[in-house]
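Colleague: Residue numbers (the working numbering): 7 to 168.
C-beta: ideal position from N, C-alpha, C; glycine also.
First the structure, which I've put down as structure tokens, then a few questions once you've had a look.
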Amino acid sequence: MEHFKKIYLDYKHQVYFFVKKFISSMEDAEDVVQETFVHLWKHSSSLRNPQNLEAIIFKTAQQEVSNYYRKNKMLFSYTDESLIKDAADSEKRDHEFKEEQLKKIEILLEELPERSKTFFYKNKLEKISYSQIAKENNISKTAVEKQVNKVIRYIKTNLNLF
């Protein structure tokens, strides 16, 4: 269950944007994404191999797009395999770009004072409110908010300097 939950959280946006390239309606695209993950859940035993994981996810999404067109008696041709390959390559590049950006952010965060970094992590990653963090540290909510906002400004300012 936890393994599938992690896969869902890691890939839900990528699958949505992949599907959205083929289906213009937001609601229909969301339905196809849901069907993709339902299918993956039913066949979750095949998701144990991390080398094939991404290929399985996007192939399943591709099949669900095809099913959507079939159900709606619409014409969708896979004769242009390059379109699907380009979309999958684009998703891979997007994923690599996000990974690279996350590494840069981690480097920038290491340069910050421990207290600011802690407040930022608690608020943004652990979803703890400013009020709760302030209470735990015997400081004002405004002070916590200022620290977190300083970190965000620092990251935004310095991220493109890499």
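#1: Let's see if you can read the secondary structure: which residues bound the alpha helix (DSSP H) around Ser-122?
#2: Does the beta-carbon distance from Ser-122 to Val-157 come in below 9 Å?
#3: Determine the burial state of Ile-113: buried for a count of at least 16 other Cβ atoms within 10 Å of its Cβ, exposed for fewer.
#4: So for Leu-15, helix, strand or coil by DSSP?
#5: Given Ser-137, which residues of its chain have a CB within under 7 Å of its CB, disregarding the five upstream and five downstream residues?
#6: I need the straight-line Cα distance from Ile-139 to Glu-151, nearest angstrom please.
#7: In whole angstroms, give me the CA-to-CA distance for Asp-34 and Lys-65.
#8: Exposed or buried, Lys-166, counting other C-beta atoms within 10 Å across all chains shown (16 or more means buried)?
#9: If we call anything under 9 Å between Cβ atoms a contact, is Asp-100 one with Gln-20?
#10: Just the Cα atoms here: how many angstroms apart are Gln-107 and Lys-77?
#11: Quick check: what's the CA-CA separation for Lys-109 versus Lys-79?
#12: Could you tell me if Val-44 is buried or exposed, where buried requires 16 or more neighbouring beta carbons within 10 angstroms of its beta carbon?
Modeller: Taking the coordinates as given:
#1: Element bounds for Ser-122: 120-126.
#2: Yes, these two residues count as a Cβ contact at 9 Å.
#3: With fewer than 16 Cβ atoms within 10 Å of its Cβ, Ile-113 is classed as exposed.
#4: Helix.
#5: For Ser-137, where only same-chain residues beyond five positions count, the Cβ hits under 7 Å are Lys-147.
#6: In a straight line, the C-alpha of Ile-139 is about 10 Å away from that of Glu-151.
#7: The alpha-carbon atoms of Asp-34 and Lys-65 are separated by roughly 18 Å.
#8: It is Asn, not Lys, that sits at residue 166 in the sequence shown. Classification for Asn-166: exposed.
#9: Contact: yes.
#10: Approximately 39 Å, taken between the alpha carbons.
#11: If you take the alpha carbons of Lys-109 and Lys-79, they lie about 45 Å apart.
#12: So Val-44 counts as exposed.
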